Structures are given as structure tokens and as C-alpha cells.
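Throughout, our numbering is defined as the position within the sequence shown, counted from one, plus 9.
For each residue, glycine too, the CB sits at the ideal point set by N, CA and C.
This structure is a prediction, so every number in the text was calculated from the model and none was measured.
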Amino acid sequence: MNLESVYHSILTPLTFIERNRKVYPHKTAIIYGEQRFTYSQFAARIHRLANALRDAGMEKGDRIAFFCFNIPQMLEAHFAVPLAGGVLVSINTRLTSPEVAYILNDCGAKFLFVDTELADIIRPIQDSLSTVKYIINIEDIKGFTPVNGEDYEAFLNIGSPEPLPWVITDELETITINYTSGTSGKPKGVMYSHRGAYLNSLGEIIEPNLTPTSVYLWTLPMFHCNGWCFPWAVTAIGGTHVCLRKFHPAKVWELIQQEGVTHLNAAPVILISLLNYSHCPQELATPLTITTAGAPPSPTLIEKISKIGAKIIHVYGLTEVYGPYTVCEYQSEWDDLNLAEKSRLIARQGVPYITGDGLRVVDKNMQDVPADGLTMGEVVMRGNMVMTGYYNDPEYTAKAFHGGWFHSGDLAVVHPDSYIEVRDRIKDIIITNGENVSSIEVEQCLYRHEAVLECAVIAVPHEKRGEVPKAFVTLKEDATATAQELITFCRSQLANFKCPLTVEFTTLPKTSTGKIQKYLLRAKEWVGHTKS
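Have a look at this one:
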């Protein structure tokens with residue numbers, strides 16, 4: 010088979026950049042501060058990076074790590090690394106030196122591209138990186154001392170802007186490795202295939218309705234599930250990327266207005282931050298579609314976002330399924346409902362993406378639970394949008410896929426309309442006096458209280474009941490509420506056994522993508538106790 014026929018028979022997001030170089034050569038592909046790149050310029054930089062990697066000794070299958078923020082170089086890497094035949098490993102910018110060292114050594118990275126602001130994280134571990142042969146510094150902002158190594162722009166200039174010969178021969182080859190947060194042991198490298206990334210990218214175009222006129226703002230970290238595959242999706246449709254180095258509510262609202270942003274993605278905690286910013290607009294001047302995931306959004310949050318005129322799309326998934334796997338597809342008959350009821354329906358996790366093909370909620374015997382909206386089971390998935398496995402960990406891969414389906418660890422119910430609703434993580438369910446309590450249900454109740462900004466509910470040990478709910482709450486600025494007031498509020502809306510016995514006012518620990526780290530809260534509460 011010749012290279013040309015191979016090129017056209019493989020599903021891979023790498024075809025997107027060449028198409029846009031021809032279709033939209035003069036269209037703005039990337040906006041970053043004062044910088045503007047057309048699709049022609051974007052493609053040339055991608056090819057320069059791919060050629061430079063090959064010229065420097067990169068071989069097919071080598072892992073190429075990027076440790077940087079939401080900047081144009083990170084977008085370039087999503088195409089250049091796999092075009093050169095490599096595997097992209099995007100590293101969480103909030104990790105510590107030992108955590109970064111573990112990932113680099115575990116994946117066997119040969120090249121490391123590092124933002125100079127993060128150089129002090131790399132310096133202490135540089136001698137312990139057993140496989141890293143080349144370090145390239147990305148000097149995006151001034152004032153930081155680079156690691157010993159080459160400069161990114163100088164490295165780019167050694168590469169030709171002409172496309173490399175096609176090296177991908179199998180669409181199931183690994184395109185990227187994404188490391189999990191490691192909350193239950195060491196982080197695991199989740200392998201995405203070219204085919205899966207391609208299909209997920211098409212899903213990300215269809216569900217939020219991206220078009221060539223779309224302007225996408227990077228509020229979601231690109232290192233997180235490859236930014237849910239939006240580096241490829243926005244490029245595929247010929248939209249415009251607006252890069253944002255770091256999240257700040259003021260900058261987000263400024264860019265939305267200044268650049269005519271039409272789409273963004275964010276976890277619920279990020280949306281809470283945006284809504285509670287002092288200069289949050291009361292009504293948006295132009296249409297804005299927000300896709301949210303990472304934790305179940307409360308109906309209250311959805312209602313507040315809708316009131317300022319944004320359209321919210323709720324999706325659900327995990328790192329192991331390329332980010333989003335389901336979407337709460339909006340139904341026209343919901344138009345007649347009041348906003349509160351409509352928001353409650355949108356808060357469900359919904360149905361598979363149009364590009365997904367395997368979703369079930371099952372009991373311990375792998376039997377489907379009834380679609381009664383009451384019976385809980387585990388969410389399991391399979392198909393094109395599920396990882397090919399954990400890197401160098403066949404044992405854990407087999408465990409995750411027992412019964413032939415990927416096990417999410419999430420408990421959900423199936424409603425009569427076939428929409429699923431996640432009730433809790435298996436490890437987060439609270440069992441008090443033999444009764445199951447959904448921490449999400451209690452959290453959604455607390456969010457209805459006008460003083461609550463953020464909250465998390467976990468199980469804590471109790472002498473008589475085994476364990477009981479405890480709430481950790483952050484109040485809105487200038488708001489006041491007592492623990493007893495919040496407990497009484499919950500008891501007015503929930504069965505007493507579901508309500509927290511205690512409330513602690515605190516700042517909640519979060520991951521870099523805005524997820525609340527309940528395991529840190531649990532660790533403190535369960536010292537000296539054994540959780541069954």
C-alpha cells in the first residue's frame with residue numbers, strides 16, 4: 010500500500026491541519042495577546058516542529074513531554090508530535106518536582122519541552138530523569154531562568170516548514186498519554202489512539218455546535234484529557250483558538266467581550282468563580298456556549314448561568330474516555346418548563362455522544378439496572394472513545410476492563426427517558442446505618458442556600474451509625490451563615506439521615522482542573538479509623 014492510500018484510510022486528527030491550511034490559509038487560527046497566527050502560519054510552525062524533532066533524533070513511538078500553560082506552543086504540540094510519529098505527554102502544570110519526575114520516567118520521555126516559569130520544578134530533578142535526552146525551553150514570558158537546554162523558537166527554526174512523509178500506519182497507534190491524578194495510588198498513563206481522538210474531536214464539534222465562525226477561549230487546561238480534544242476539534246472546524254495562559258475571571262470576561270468568544274469549557278468550580286466575580290455581566294451581549302464537566306454541576310449553578318444568557322451544555326466522562334463521553338441532550342419539550350425544572354433536567358449526565366457507542370449502568374453481576382430513576386449501578390463504557398489501556402500496566406488495564414467494559418467507578422441511576430444521572434463515586438457514597446446517601450444530592454441541596462459559594466460532603470466516622478455526612482463549606486464573600494443554619498436548611502429539604510451532622514467552614518482543596526479533592530478531606534477525618 011502506498012503512502013497516499015494509507016493517509017486517506019486512517020482516522021486521525023492530523024488530517025485537520027492540512028485541510029485548513031488549504032481551505033482557510035488566511036483565517037486567524039490562534040489569538041494570544043497581541044499575537045495572531047493564520048492557519049497557514051499555524052501549519053508551517055507545526056511542520057517546523059515535527060521536522061525539528063525528527064532531525065534531532067526522535068524515532069517513531071518516542072514519548073515527547075510538554076510542561077507548559079495554555080499557550081500556542083501547546084496547540085502546536087498536539088499536531089507536530091504525532092505528525093513526527095511521536096506520542097505527546099502533556100504534564101499538569103501544578104505538579105511537584107517528584108510527581109513530574111515520576112511521570113517523565115514512567116513514560117520514558119525522550120524530549121521535554123518546559124515553560125521557563127516552570128523551570129524551578131525541573132531543575133531539582135534534572136539528574137534523575139533517566140530517559141530525557143533533550144530539554145527545550147519555552148520562554149513565553151520574561152523574568153525566569155531557563156533550564157540548560159535549547160530555546161523553542163531556535164529549535165523550531167532548524168525544522169523545515171514542509172510536511173513530513175506520512176508515518177502513521179495504524180489508526181489504533183497511540184497519539185497521546187494522559188496521566189490520571191493519582192488519587193488512589195500512583196498516576197496511570199491513559200493511552201489515546203488516533204482513531205479515538207478523531208472521533209471524540211468530531212463529537213466535540215457536534216455537541217456544542219462548533220462552526221468555522223466559532224471563537225473558542227482556552228479556560229480548560231490543555232494538559233487535561235488533551236483539553237477534552239478541543240485542540241483538534243476547534244482546528245478541525247476552522248474555528249479560532251484564543252489562548253489564555255492562566256485563568257482569571259477578569260481576563261476571561263475581558264476576552265469574551267474583546268475577541269467575541271462564542272465557546273468555552275470549564276469545571277463547575279470555575280463557573281462559580283466567574284459568576285461570583287464582582288464585574289460579572291448581568292446579561293451577555295453576544296451568545297456564549299459553555300460546556301461543563303469535571304464534577305456534577307448543581308441545578309442552581311445551571312440556573313444562574315442561564316439567567317445571564319449563556320447556553321450551558323453538561324457533559325460527563327473521565328480521563329479514560331477522552332474526557333466527555335455523555336451529554337445531556339436538550340429536548341424541545343423542556344422549553345415549556347420553568348428555569349428551575351429545566352436546570353434540574355440539564356444537571357443529569359444524559360446519553361452517549363453521537364460518536365460514542367457503548368454505555369450501560371450495571372449491578373455487581375454486570376446486569377443492567379432498571380430504568381426507574383432509583384436503582385443505582387456502576388457506569389460502564391466501551392467503544393472507540395475509550396482508552397486502549399494504561400501505559401505499561403496490563404494488570405491494571407485488565408482490572409479496569411473486567412467483563413469486557415471499562416468500569417468508571419461512578420454510581421448512577423437510569424431514568425425512564427434513558428438519561429443517566431450520576432449519584433456518586435463508589436468511594437464517595439456515604440453508608441449511614443445501612444442507608445446509602447449520595448454526597449452529590451446533599452451538595453446540591455447546600456448550593457441552593459444563598460450564602461454557599463462551594464461545598465463538599467464526605468463520610469466521617471460515627472460511633473453508632475458507622476459513618477455520617479459532614480459538609481465542608483466556603484461562603485460567598487460578605488455572606489454569613491452558621492453551621493446550624495445550614496444543617497437546618499438541609500433538614501427542610503432532605504431526609505434527616507442524609508443531612509450533615511457537622512459543617513466546617515474552610516477553603517476547599519482542588520486539582521488544577523478545579524475538581525475538589527475529597528480524598529484530602531477524608532484523610533484528615535479518618536485518622537485512627539478504618540473505613541470499610
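Cutting at 6 Å between CB atoms, please list the residues of its own chain near E452, excluding the five before and the five after it. Within the sequence shown, numbered from 1, the residue matching residue 452 stands at position 443. The answer, listed in chain order, is C464, V466.
Here's a check: name, in chain order, each residue in its chain whose Cβ is nearer than 6 Å to the Cβ of W414, leaving out the five neighbours to either side. Position 405 of the sequence shown, counted from the start, is the residue given in the question as residue 414. Result list for W414: V389, R391, in chain order.
Judging by CA-CA distance, which residue of E126, F120, E472, T154 is the nearest neighbour of S139? In the sequence shown, the residue the question calls residue 139 occupies position 130. Out of E126, F120, E472, T154, F120 has the C-alpha closest to the C-alpha of S139.
Thinking just about the alpha-carbon of each residue, which of I214, W227, I496, N60 is nearest to the one in Y362? Along the sequence shown, one-based indexing puts residue 362 at 353. Checked all of I214, W227, I496, N60; the closest Cα to Y362 is I214.
Give me the Cα-Cα distance between V3 and T189, rounded to the nearest whole angstrom. What the structure shows of the chain is the stretch from 10 to 541, and residue 3 is not part of that stretch, so it cannot be assessed.
Just to check my reading of the structure: P172 and H56 have Cβ atoms closer than 8 Å, yes? What is that Cβ distance to the nearest angstrom? On the sequence shown, residue 172 is found 163 positions in, with the first residue counted as 1. On the sequence shown, residue 56 is found 47 positions in, with the first residue counted as 1. Going by Cβ atoms, the distance from P172 to H56 rounds to 5 Å, so yes, they are a contact pair.
For H272 versus T298, is the C-beta spacing smaller than 7 Å? Residue numbering aside, residue 272 sits at position 263 when the sequence shown is read from its first letter. Residue numbering aside, residue 298 sits at position 289 when the sequence shown is read from its first letter. A contact, by the Cβ cut-off of 7 Å.
Kindly confirm or deny that the segment 34-47 and the segment 58-77 touch, where touching means at least three C-beta pairs closer than 8 Å. no
Among residues of its own chain, excluding the 5 on either side of T37, which ones have a beta-carbon nearer than 7 Å to its beta-carbon? Along the sequence shown, one-based indexing puts residue 37 at 28. Same-chain partners within the cutoff: R45, T47, T249.
Where M10 and L20 are concerned, what is the direct C-alpha to C-alpha distance, given to the nearest angstrom? Looking up residue 10 in the sequence shown gives position 1. Looking up residue 20 in the sequence shown gives position 11. Note that M10 has pLDDT 47, beneath the 50 cutoff, so the model's placement of it is unreliable and the number below is only indicative. If I take the Cα positions, the gap works out to 16 Å.
Consult DSSP for H203 and reduce its assignment to one of helix, strand or coil. Taking the first residue of the sequence shown as position 1, residue 203 is located at position 194. Of the three classes helix, strand and coil, the one that applies to H203 here is helix, per DSSP.
Return the chain-ordered ranges of every alpha helix (DSSP H) run that is complete within the segment 392-448 and spans a minimum of 4 residues. 403-409
On the DSSP bridge assignment, give the partners of V224 in chain order. By one-based count along the sequence shown, residue 224 stands at place 215. DSSP lists T249 as partners of V224.
Please report whether the beta-carbon of G168 lies at a distance below 7 Å from any beta-carbon of chain B. Reference to chain B is not applicable here, since this structure consists of a single protein chain.
Please confirm if the segment 113-132 is in contact with the segment 272-292, defined as three or more CB-CB distances below 8 Å between the two stretches. no
Is the Cβ-Cβ distance between L253 and W227 less than 7 Å? As a working mapping, residue 253 is identified with position 244 in the sequence shown. As a working mapping, residue 227 is identified with position 218 in the sequence shown. Taking 7 Å as the Cβ cut-off, L253 and W227 qualify as a contacting pair.
If you reduce the DSSP assignment to three classes, tell me which class R254 lands in. On the sequence shown, position 245 is the one that residue 254 refers to. Of the three classes helix, strand and coil, the one that applies to R254 here is coil, per DSSP.
G236 lies in the alpha helix (DSSP H); which residues open and close that run? If you number the sequence shown from 1, residue 236 lands on position 227. That run of the alpha helix (DSSP H) goes 234-237.
Per-residue DSSP class, three states only, for N218: The count along the sequence shown starts at 1 and reaches residue 218 at position 209. Coil at N218, not helix or strand.
For M385, does the three-state DSSP call read helix, strand or coil? Counting from one through the sequence shown, the residue named residue 385 turns up at place 376. Three-state DSSP puts M385 in coil, outside helix and strand.
Quick one: give me the first and last residue of the beta strand (DSSP E) that L283 is part of. Taking the first residue of the sequence shown as position 1, residue 283 is located at position 274. Here L283 belongs to no beta strand (DSSP E); instead the alpha helix (DSSP H) covers 277-284.
Would you tell me roughly how many angstroms separate the C-alpha atoms of A480 and S307, rounded to the nearest one? As a first step, residue 480 is located in the sequence shown; it is residue number 471 there, counting from the start. As a first step, residue 307 is located in the sequence shown; it is residue number 298 there, counting from the start. Looking at the two C-alpha atoms, the distance is approximately 16 Å.
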